[in-house]
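Q: Supplied in structure tokens, the structure appears directly below.
2 protein chains.
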Amino acid sequence: MLKPVNVGICGLGTVASGTINILLRNHSIINARAGCEIRIVQVGARRNNPKCDTSSLNVTRDIFAVADNPDVDILIELIGGTTVAKDLVLKAIANGKHVITANKALIAHHGNEIFAAAKAKGVTVAFEAAVAGGIPIIKAIREGLAANQIEWLAGIINGTGNFILTEMRDKGRAFEDVLKEAQALGYAEADPTFDVEGIDAAHKLVILASLAFGIPLEIKKVFTEGITRITPEDVTYAEELGYRIKHLGIARRTEAGIELRVHPTLIPEKRLIANVDGVMNAVVVKGDAVGPTLYYGAGAGAEPTGSSVVGDIVDVARTLTAEPEHRVPYLGFDADFVAEQTILPIDEVETAYYLRMSADDKPGVLSKVATILSDYGISIEALIQKEAREGESVVPLILLTNRVLEKRLATAIDRIEALDSISAPVMRIRMESLK
Amino acid sequence: MLKPVNVGICGLGTVASGTINILLRNHSIINARAGCEIRIVQVGARRNNPKCDTSSLNVTRDIFAVADNPDVDILIELIGGTTVAKDLVLKAIANGKHVITANKALIAHHGNEIFAAAKAKGVTVAFEAAVAGGIPIIKAIREGLAANQIEWLAGIINGTGNFILTEMRDKGRAFEDVLKEAQALGYAEADPTFDVEGIDAAHKLVILASLAFGIPLEIKKVFTEGITRITPEDVTYAEELGYRIKHLGIARRTEAGIELRVHPTLIPEKRLIANVDGVMNAVVVKGDAVGPTLYYGAGAGAEPTGSSVVGDIVDVARTLTAEPEHRVPYLGFDADFVAEQTILPIDEVETAYYLRMSADDKPGVLSKVATILSDYGISIEALIQKEAREGESVVPLILLTNRVLEKRLATAIDRIEALDSISAPVMRIRMESLK
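This is the structure in structure tokens:
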């Protein structure tokens, strides 16, 4: 048996309460898995949480006291944010403590600096809980698929956005309407920007991409597009064409460079990930040896996220007294191997597209649109054109294109939008086959 | 950097060719992940494999020479079977070598003995490739979900059986017909018993159950029922009722004991795993903290299975020179914790049932059946009764029951089968909600 391992937990919000409750409830099985006793020696939090009984624990109101506590082997950062959390983590590392965090924004923005500091001190930084809640996706990519050149990955990695899109599809509801319900249910924050604009997903995507491709974390290079423009009509037309709309984070290695993008995406309804509904998360990872694999589970919540934090505790505890080279590297690669690669701007990305436009209900319009697309080498793979409704003089025209460079498509759309017979901007949604 | 790690590979069949091809093709990324150079120092195989270029490798026809080779740090057993493979693995362990195997039958039948020998010598035995091919399911349960009391797991862990059931559903074909095609395609062996009778799935299930519950491997206690009796009609009726039939391996912890069973199972079509088709594998694992999670990917094939073997190489290489207590235990638990628990006989298992019977087309038959079920406290949750076809005097009667002890249901069925108005045996298929 290894000697007991002492953890100090900073924060007492949702994830901390889940983590503490799991550690207290499942201590015997956790100790049997870790090969040592895991002890919570201190909790640092400004206020108590009624969902977590800390009466048996040593609670301080000074979170930095946990980073300075000589009894603490592992500091668990669950306070969130990127300012105090960063200071706290760097202080813990400076004091020679291992760090576990659930903080995706912290890792996405400051991971490179934090990992460098940790490497200099010979300590671990673990962050399974930062991506996709309870799904052990970081371990899967970093260790389980270690044999593979990862070709691409695509994930539903924001539960709020997926809840909204699922409700829009199941009930034909509008975005704003479902968002209000999600806020009432507590799925979405009062300021939903992080979720619906894809910022939260971008944080998670850069982490997954670094693990997949051995690149530093580059949050500023992610292309991000939210789901606020998606209409119930788009959801319905997609379905008619055999597709579902999901808000995906996608990272792909191409000969020209790496794509890093978060946007609404049409995917074939037959794909397993197209059937991941509500607040659940899932990530598809395609390796050159293994082919496509998928990982599914709860992407948020106290105990699912706590499950990942405690999984990290067991991992870190096991090699706490081993030499650093016996531990899994932060990003899964020997630090010397991690190097910048070209990240493609969105203009240089090639995908297929769903296009929806309002066309005058008269002969020749489709022909004009088709001619412009053809001028740019874009072919129409599928088409829906409905009859005009009683009393209306415009009809919706929906097209699926072949794969084309984004900048080429953008130029074609500029010309289509300049047509007299096309009104309103052309709606465009990227498509992926995920094969 | 750690010093180079030398592997010796025994066998040169499908999985070995995949493993060698991955190691040769992806060596730089694999070395970067392992933190050391991985070298194939010897291959032991009775004959060559045209799918694998071994011209740069040191090949011997004597596989035991690999176990005796002092340069070999890790022996990779890919010869299959449970006799020579066992001798080979035990010899390698006796010589102080770490062992990696893809051999589910070997681990299921002799794992307890092999682990005990390995523990005594302070070496690792890794077997990710033994279950569900390229899916890192062993790592997920053993490490990723270490925080959890696992409540149950259920998997499609035999690709051949899933291919057959998928074809039966998609095309209304009969079992025997699809089996012949699967054999022609090379998915099924000439003797398909291992696949279609659930023996292969039972091997994998006991491994997963040991990892989930901390119990020794007990292959003899698995209840196994094949898919040979499933008819296209059953598939169709299940679909009418909103279910799909999958051949599942199920392990569940109940207050009375642990269930270990492989059998055809009706599951709600809305579940993600119900939509896993063809030769693909998937495992749902329900933890008390994380809730339901699912892992999906290729369950067989050269490179998918090789992906898991190489993942194990990276893991083993990383802690090769560390003290044994820093390594993940064979079954994920400290050996002192692994203890027998009661395994329930199938009679003591409680599930819901799909029942199909042929009833005389005359009044009162349903009432008699319902009365018998009611006598045993069994309620009818759904029912399909079709009109008799022209010229036929019997009608199919399909019932879904509530959850009931198997032995209680069996007694009720005995009485139903004794009715004059019911002909032929009553078909029964277990059901699971997998919630």
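From first to last, the protein sequence lines are chains A and B.
Quick note on numbering that gives the first Met the number 0: the first sequence kicks off at 0 and runs consecutively.
Quick note on numbering that gives the first Met the number 0: the second sequence kicks off at 0 and runs consecutively.
Cβ atoms here follow ideal geometry from the backbone N, Cα and C, with glycine treated the same way.
Closest to A:Ile214 by C-alpha separation, out of A:Ala189, A:Asn20, A:Glu224 and A:Glu258, would be which residue?
A: Comparing Cα-Cα distances from A:Ile214 to each of A:Ala189, A:Asn20, A:Glu224 and A:Glu258, the minimum goes to A:Glu258.
Q: Does the beta carbon of A:His26 sit closer than 8 Å to a beta carbon anywhere in chain B?
A: Judged by the 8 Å Cβ criterion, A:His26 is not in contact with chain B.
Q: Please list the partners that A:Ser306 has in chain B, where partner means a Cβ-to-Cβ separation under 7 Å.
A: Residues of chain B passing the Cβ test: Leu144, Ala146, Asn147, Gly286, Ala288 and Val289.
Q: Among the candidates B:Pro49, B:Lys50 and B:Ala91, whose CA atom is the shortest distance from the CA of B:Cys9?
A: The shortest Cα separation from B:Cys9 among B:Pro49, B:Lys50 and B:Ala91 belongs to B:Ala91.
Q: Can you grab the Cα-Cα spacing for the pair B:Pro263 / B:Tyr352, in whole Å?
A: Distance between the alpha carbons of B:Pro263 and B:Tyr352: 11 Å.
Q: Below 8 Å on the Cβ atoms is my contact criterion, and I expect A:Ile28 with A:Ala153 to pass it. Report the Cβ-Cβ distance as a whole number of Å.
A: So it is not a contact: roughly 34 Å between Cβ atoms.
Q: Counting along the chain, where does the alpha helix (DSSP H) carrying B:Leu23 start and finish?
A: Here the alpha helix (DSSP H) through B:Leu23 covers Thr13 to Arg24.
Q: Mapping DSSP to helix, strand and coil, what is A:Arg252?
A: Correct three-state label for A:Arg252: strand.
Q: So A:Asp169 is in the alpha helix (DSSP H); what residue range does that whole segment cover?
A: Unbroken alpha helix (DSSP H) run through A:Asp169: Gly158 to Lys170.
Q: Please state the DSSP three-state secondary structure of A:Gly143.
A: A:Gly143 falls in the helix class under three-state DSSP.
Q: In whole angstroms, what is the alpha-carbon distance linking A:Ala237 and A:Ile229?
A: If you take the alpha carbons of A:Ala237 and A:Ile229, they lie about 11 Å apart.
Q: Could you tell me how far apart the beta carbons of B:Gly286 and A:Ala297 are, in whole angstroms, since I believe they sit closer than 8 Å?
A: Not confirmed; about 10 Å, so no contact.
Q: If contacts are defined as beta-carbon pairs under 8 Å, then B:Arg164 and B:Ile244 qualify, I think. What distance do you get, rounded to the angstrom?
A: Correcting the residue identity first, residue 164 of chain B is Leu in this sequence and not Arg. Their Cβ separation, rounded to whole angstroms, is 6 Å, which keeps B:Leu164 and B:Ile244 in contact under 8 Å.
Q: How many whole angstroms separate the CB atoms of B:Gly197 and B:Glu224, which I take to be in contact at a CB cut-off of 8 Å?
A: The Cβ separation is near 6 Å, so the contact holds.
Q: If you compare alpha carbons, which of B:Gly241, B:Tyr375 and B:Glu76 is closest to B:Arg168?
A: Looking at the Cα atoms, B:Gly241 is the closest of the given residues.
Q: Around the Cβ of A:Val42, are there at least 16 other Cβ atoms within 10 angstroms (buried) or fewer (exposed)?
A: Its Cβ being crowded by 16 or more others within 10 Å, A:Val42 is buried.
Q: In whole angstroms, give me the CA-to-CA distance for B:Phe174 and B:Trp151.
A: Straight-line Cα distance between these residues: approximately 29 Å.
Q: Bridge partners of B:His97, per DSSP?
A: Beta-bridge pairing links B:His97 to B:Ile73.
Q: Does the contact criterion of 3 or more C-beta pairs under 8 Å hold for the stretch 92 to 99 of chain B versus the stretch 88 to 106 of chain A?
A: The stretch 92 to 99 of chain B is not in contact with the stretch 88 to 106 of chain A.
Q: Can you name the start and end residues of the alpha helix (DSSP H) that A:Ile206 belongs to?
A: Note, A:Ile206: alpha helix (DSSP H), Ile198 to Phe212.
Q: Using the C-alpha atoms, what's the distance from B:Leu365 back to B:Asn157?
A: Their backbone Cα atoms lie some 37 Å apart in a straight line.
Q: Check whether chain B comes within 8 Å of A:Glu31, counting only Cβ atoms and requiring the distance to be less than that.
A: Going by the sequence as given, residue 31 of chain A is Ala instead of Glu. It does: the Cβ of A:Ala31 has a partner Cβ on chain B nearer than 8 Å.
Q: Taking 8 Å as the threshold (C-beta atoms), are B:Arg427 and B:Ile412 in contact?
A: In contact: B:Ile412 and B:Arg427 (Cβ atoms closer than 8 Å).
Q: Report all residues from its chain with a CB closer than 7 Å to the CB of A:Glu416; omit the five preceding and five following residues, and keep chain order.
A: The residues are Pro424 and Val425.
Q: By the 9 Å beta-carbon criterion, what residues does the stretch 325 to 351 of chain B contribute toward chain A?
A: For the stretch 325 to 351 of chain B, which is checked against every Cβ of chain A, the residues closer than 9 Å are His325, Arg326, Val327, Pro328, Gly331, Phe332, Asp333, Asp335, Phe336 and Val337.
Q: When the cut-off is 8 Å and only beta carbons count, does A:Tyr242 lie next to chain B?
A: Not an interface residue.
Q: Give, in chain order, every unbroken run of the beta strand (DSSP E) that is at least 3 residues long and sits entirely within the stretch 221 to 284 of chain A.
A: The qualifying runs are 242 to 252 and 257 to 267.
Q: Can you look up A:Ser479 in the DSSP assignment and give me helix, strand or coil?
A: Absent from the model: residue 479 of chain A. The displayed extent of chain A is 0 to 434, so no value can be given.
Q: Where does B:Leu354 land, buried or exposed, given buried means 16+ other C-beta within 10 angstroms?
A: Its Cβ being crowded by 16 or more others within 10 Å, B:Leu354 is buried.
Q: Output, in sequence order along the chain, the residues in the stretch 243 to 273 of chain B whose CB is closer than 7 Å to any CB in chain A.
A: Residues Leu271.
Q: Compare the C-beta of A:Leu56 with all C-beta atoms of chain B and state if any pair is closer than 8 Å.
A: Cβ-Cβ to chain B under 8 Å: no for A:Leu56.
Q: I want to verify the contact list: residues of chain A whose CB lies under 8 Å from the CB of B:Gly296, in sequence order.
A: The answer, in chain order, is Val289, Gly290, Pro291, Thr292 and Leu293.
Q: In three-state DSSP terms, what is A:Asn5?
A: In the structure shown, A:Asn5 sits in a strand (DSSP, three-state: E or B).
Q: Quick one: residues in its chain with C-beta nearer than 7 Å to the C-beta of A:Leu418, no 5 flanking neighbours on either side, listed in chain order?
A: Closer than 7 Å at the Cβ level, and outside the excluded window around A:Leu418, lie Lys367.
Q: Would you say B:Ala139 reaches chain A, if we count a Cβ-Cβ gap shorter than 8 Å as a contact?
A: Yes, B:Ala139 lies at the interface with chain A (some Cβ there is under 8 Å from its Cβ).
Q: Considering only the beta carbon of each residue, do B:Asp86 and B:Val6 sit closer than 8 Å?
A: The answer is no: Cβ separation not under 8 Å.
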